[in-house]
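Reading the sequence shown from the start, the letters are residues 165 to 529 in our numbering. Every residue gets a Cβ at the ideal spot worked out from N, C-alpha and C, and that includes glycine. Single-structure report; data block below.
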Amino acid sequence: MLALGLMSGTSLDGIDAALVETDGDKIGAMGARRTTPYPGALRDRLRAVLGGVGDVAAVEREITLFHAGVARNLLSEAGVEPLAVGLIGFHGHTILHRPDQRRTWQIGDGALLAAETGIDVVNDFRAADVAAGGQGAPLVPAFHRALAGGLPGPLAVLNLGGVGNVTWIGADGGLLAFDTGPGNALIDDWALIHTGRPVDEDGALAAAGRAAAAAERAFLDHPYFACRPPKSLDRDDFRQTAMALVAGLSPADGAATLTALTAAAAAAAARHFPRPSRRWLVCGGGRRNPQLMAALRARLEVPVEAVEAVGWDGDAMEAQAFAYLAVRVWRGLPITFPETTGIDRPLTGGRIHRTATPLATDQFP
Numbered sequence: 165m166l167a168l169g170l171m172s173g174t175s176l177d178g179i180d181a182a183l184v185e186t187d188g189d190k191i192g193a194m195g196a197r198r199t200t201p202y203p204g205a206l207r208d209r210l211r212a213v214l215g216g217v218g219d220v221a222a223v224e225r226e227i228t229l230f231h232a233g234v235a236r237n238l239l240s241e242a243g244v245e246p247l248a249v250g251l252i253g254f255h256g257h258t259i260l261h262r263p264d265q266r267r268t269w270q271i272g273d274g275a276l277l278a279a280e281t282g283i284d285v286v287n288d289f290r291a292a293d294v295a296a297g298g299q300g301a302p303l304v305p306a307f308h309r310a311l312a313g314g315l316p317g318p319l320a321v322l323n324l325g326g327v328g329n330v331t332w333i334g335a336d337g338g339l340l341a342f343d344t345g346p347g348n349a350l351i352d353d354w355a356l357i358h359t360g361r362p363v364d365e366d367g368a369l370a371a372a373g374r375a376a377a378a379a380e381r382a383f384l385d386h387p388y389f390a391c392r393p394p395k396s397l398d399r400d401d402f403r404q405t406a407m408a409l410v411a412g413l414s415p416a417d418g419a420a421t422l423t424a425l426t427a428a429a430a431a432a433a434a435r436h437f438p439r440p441s442r443r444w445l446v447c448g449g450g451r452r453n454p455q456l457m458a459a460l461r462a463r464l465e466v467p468v469e470a471v472e473a474v475g476w477d478g479d480a481m482e483a484q485a486f487a488y489l490a491v492r493v494w495r496g497l498p499i500t501f502p503e504t505t506g507i508d509r510p511l512t513g514g515r516i517h518r519t520a521t522p523l524a525t526d527q528f529p
């Protein structure tokens, strides 16, 4: 079937949308995709409700309508009629993630999105896993494994969004996945404070500075890095720790240090792999930061490449993943596993919001 995935990541940069043909097991073809930045005012309102504070309901409605516009624009650009799309996989935006308290909150009104687009919607992908005692993250490992079929393993796929997460895929298809630590969030927040821009473009600010080696050593002493996976993080879990380590540094030195901390956290993940990875493939916005990629290569003894090296689209992967996961939910297939979120058995999840228009029966296996 043809599914449309929508992803609003923890980096707060905007919405990724992508079309995927899949049966929820194998991937038939990748279709059109687009990235739509959030308008600055909407990004600010979304940032203001992180943690579940403020007027969450109003922001939830606003971002849902914005997602609907993104979906319509993608279909129009691709020349695809809404009735040709079987499902939308709608991640929403995470404003709170506390799996140790069995709480996770992704805002986004699935029923409203279905009404606006005329397409059935799957959302709330994480809640069932967290309610069952799982971490609720990461959700993309099943998709990574489907993409990686035929590539020699073991292989590590590192996503550097606001939070970093890694999927280790064994030569036999075995999985291990967990959040590595901060992704772009610390660097982005520092850049916003010191330059007024929401990202360190091309790592230019970090390139002009010098990382504080003592800060990296102190950062890696955080107990999270020694904790065995599966494990997951909220966007701001390391903010207080990291910002204390760079307090008083110049803008350039602070950016260089936060870039080093992010790379060190990702590289430290390798200690938990069942067997060493032969290769690291990097997706997410972090792969576009030359300083961050160089810092990763300096800490790992195997090739580190952007996912485009194997023909994947690093800008679309998370949106593609939620299209794929939506079909798995529709079919009742598991989307989380003991090795990815720590639950005791493979588990499906998500909530399905149906439109008044029945889906074509030949869309589904």
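Looking at residue 169: is its Cβ nearer than 8 Å to the Cβ of residue 490?
By one-based count along the sequence shown, residue 169 stands at place 5. By one-based count along the sequence shown, residue 490 stands at place 326. Yes.
If distances are taken between C-alpha atoms only, which option among 173, 383, 391, 497 comes closest to residue 257?
Taking the first residue of the sequence shown as 1, we reach residue 257 at position 93. Closest by alpha carbon: 173.
Take every Cβ of the stretch 285-297, pair it with every Cβ of the stretch 305-319, and state whether three or more of those distances are shorter than 8 Å.
no
What are the boundary residues of the alpha helix (DSSP H) that includes residue 417?
Counting from one through the sequence shown, the residue named residue 417 turns up at place 253. Taken as a continuous stretch (DSSP letters only), the alpha helix (DSSP H) holding residue 417 covers 415-432.
Straight-line CA distance for residue 302 to residue 358?
Looking up residue 302 in the sequence shown gives position 138. Looking up residue 358 in the sequence shown gives position 194. Taking the straight line joining both Cα atoms gives about 31 Å.
Check for me: the alpha helix (DSSP H) holding residue 512 runs from which residue to which?
The residue you call residue 512 lines up with position 348 of the sequence shown. Run containing residue 512: none; DSSP gives neither H nor E here.
Which same chain residues end up closer than 7 Å to residue 224 when comparing Cβ atoms and leaving out the 5 residues on each side of it in sequence?
The residue labelled residue 224 in the question sits at position 60 within the sequence shown. Excluding positions up to five away in sequence, the list reads 271, 272, 273.
Straight-line Cα distance separating residue 362 from residue 353:
Taking the sequence shown and counting its residues from 1, the one referred to as residue 353 is at position 189. Taking the sequence shown and counting its residues from 1, the one referred to as residue 362 is at position 198. Approximately 7 Å between the Cα atoms of the pair.
Can you tell me which residues form a DSSP beta bridge with residue 182?
To locate residue 182, count along the sequence shown from 1; it is residue 18. DSSP, once it has assigned bridges, lists 169, 197 as partnering residue 182.
Where residue 162 falls: helix, strand or coil (DSSP):
Missing from the structure shown is residue 162; the chain here goes from 165 to 529 and no further.
Would the stretch 471-487 and the stretch 244-255 be scored as touching if the rule is three or more Cβ pairs under 8 Å?
yes
For a cutoff of 8 Å on Cβ pairs, would you count residue 172 as touching chain B?
In the structure shown, chain B does not exist; there is a single protein chain.
What's the gap between the Cα of residue 525 and the Cα of residue 237?
Sequence index remark: in the sequence shown, residue 525 carries index 361 (1-based). Sequence index remark: in the sequence shown, residue 237 carries index 73 (1-based). Model confidence at residue 525 stands at a pLDDT of 38, short of 50, so the residue's coordinates are unreliable and nothing is read from them.
Quick check on DSSP: helix, strand or coil for residue 254?
As a first step, residue 254 is located in the sequence shown; it is residue number 90 there, counting from the start. If DSSP states are grouped into helix, strand and coil, residue 254 belongs with the strands.
Kindly indicate the opening and closing residues of the alpha helix (DSSP H) around residue 370.
Locating residue 370 in the sequence shown gives position 206, counting from the first residue. Residue 370 -> alpha helix (DSSP H) spans 368-371.
Neighbourhood of residue 523 by C-beta, 7 Å cutoff - its chain only, sequence neighbours within 5 removed
In the sequence shown, counting from the first residue as 1, residue 523 sits at position 359. For residue 523, the predicted model reports a pLDDT of 48, less than 50, meaning its position is unreliable; a value from the coordinates is still stated below. Correct list, in chain order: 250, 284.
Pairwise C-alpha distance: residue 492 and residue 512:
Stepping through the sequence shown from its first residue, residue 512 is reached at position 348. Stepping through the sequence shown from its first residue, residue 492 is reached at position 328. Each residue's Cα considered, the two are about 8 Å apart.
Paired residues, beta bridge with residue 468 - DSSP
Here residue 468 refers to the residue found at position 304 of the sequence shown. Residue 468 is bridged to 444.
As assigned by DSSP and simplified to three states, the class of residue 249:
The sequence position of residue 249 within the sequence shown is 85, counting from 1. The answer is coil: DSSP assigns residue 249 none of H, G, I, E or B.
Does the pairing of the stretch 416-430 with the stretch 340-355 give three or more beta-carbon distances under 8 Å?
yes
Which term fits residue 468, buried or exposed, when burial requires 16 or more other beta carbons within 10 angstroms of its beta carbon?
Position 304 of the sequence shown, counted from the start, is the residue given in the question as residue 468. Looking at its Cβ environment, which holds 16 or more other Cβ atoms inside 10 Å, residue 468 is buried.
Mapping the DSSP letters down to three states, classify residue 350 as helix, strand or coil.
Translated into positions along the sequence shown, residue 350 becomes position 186. Residue 350: helix per DSSP, three-state reduction.
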